[in-house]
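Numbering (UniProt numbering), first residue to last: 1 to 295. Ideal Cβ placement from N, Cα and C applies to all residues, glycine included.
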Amino acid sequence: QHGRVKIKSTAQQEEEKRKEREKKLKAFVSARDAVLKKRSAGEHDEEALQLTQQLLSSNPDFATLWNYRREVLLHLETLREKDEVQKLYESELHFIEACLKVNPKSYGCWHHRSWVNTRLPQPVWTRELGLCDRCLSLDERNFHCWDYRRVVVKESGVSVEQELQFTDRLIGSNFSNYSSWHYRSTLLPQLHPQPALDPAPYTKYELAHNAFFTDPNDQSAWFYYRWLLGRGVCVSGRDRGLSLSLSQAQSEGLMLVLDGLPQQVQWRSAHPRFRHSPVWVSFTNTFSFWGDYSF
């Protein structure tokens, strides 16, 4: 009838989709075969970059193509001046970012991006840090991005304090961010490597407590809290120092038992004016410890 939109049946729609997929598959296979043929022939030219870009744009997880692409880039690098090399790899970074939009958890993309930055005459690490921020805001558990961020932080000289503040922001927006809690547990020991001498940072339980009150059933903060309490008893054999941090303040009547034997320990409150404290320290020569230990 005139004036009515003809609606295709489900079977017709499925058939059209099948034909479209088949068409794309044939094009992909044809381009793939052309790329593999060029690689076998040892050809490292601009056409190889174009063909691999065409394929990787739709499937960023094709590891062989990333490997071939690196071979091509290394060859082209020898033919260009420093400024041209910078432009070559800058363009590559833009291409990788487009691939990450297709699959943000593509191992091949993140690995290739890390490699490209090692080849850049003048890498821009602040840009890479910004990319990590954006990706983690979209998916806070993207462990590929977390791994890449550690590389960027190391290369760019971002301080541990700044990264701790970064975890604060992520955790503050979502207490279930397990990756941020874990990252935090790797940062604190870098900033305070000897809990026996500097126990205060390991007694700041407020962040975890806030998470408990918000969602008591979420395990992320509990895992971090267990780790934090595990750092509470530390013995330093080199400095003959022992510190004990607790989740709640306790009196001075504390007893330390090692291997079933009570130890003679003279505890001193980290807060000299108070007889109740969450932190107790002792410097004594009665222990025969070598090295540092956490219990």
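- One thing to note: alanine 48 has its Cβ no nearer than 8 Å to the Cβ of glycine 108.
- Residue pairing by DSSP places proline 262 opposite Val257 in a beta bridge.
- The beta-carbon distance between arginine 275 and serine 251, rounded to whole angstroms, is 6 Å. This is short enough to meet the 8 Å contact definition.
- Alanine 208 and phenylalanine 143 have their C-alpha atoms some 22 Å from each other.
- Just so you know, the alpha carbons of proline 278 and serine 180 end up roughly 26 Å apart.
- Under the 8 Å Cβ criterion, the stretch 209–221 does not count as touching the stretch 185–194, having fewer than three qualifying pairs.
- Between the alpha carbons of serine 159 and phenylalanine 223 lies a gap of roughly 25 Å.
- Serine 282 places its beta carbon 8 Å or farther from that of valine 257.
- In this structure, the straight-line span from the alpha carbon of tyrosine 178 to that of lysine 38 is close to 45 Å.
- Alanine 31 is positioned such that its CB atom lies no closer than 8 Å to that of leucine 56.
- In the structure shown, valine 279 falls within a strand segment according to DSSP collapsed to helix, strand and coil.
- With a contact defined as Cβ atoms closer than 8 Å, aspartate 61 and serine 106 qualify at about 5 Å.
- Across the set Asn174, Phe213 and Glu161, the C-alpha of Glu161 shows the shortest separation from the C-alpha of histidine 192.
- Of the other Cβ atoms in all chains shown, fewer than 16 fall within 10 Å of the Cβ of glutamate 14; this residue is therefore exposed.
- Under the three-state reduction of DSSP, arginine 80 is assigned to coil, being neither helix nor strand.
- If you draw a straight line from the Cα of serine 9 to the Cα of phenylalanine 28, it comes to about 29 Å.
- Residue environment for leucine 131: buried (at least 16 other C-beta atoms within 10 angstroms of its C-beta).
- DSSP, reduced to helix, strand and coil, places leucine 120 outside both helices and strands of the structure shown, so it counts as coil.
- Assigned with DSSP and collapsed to three states, serine 269 falls in strand.
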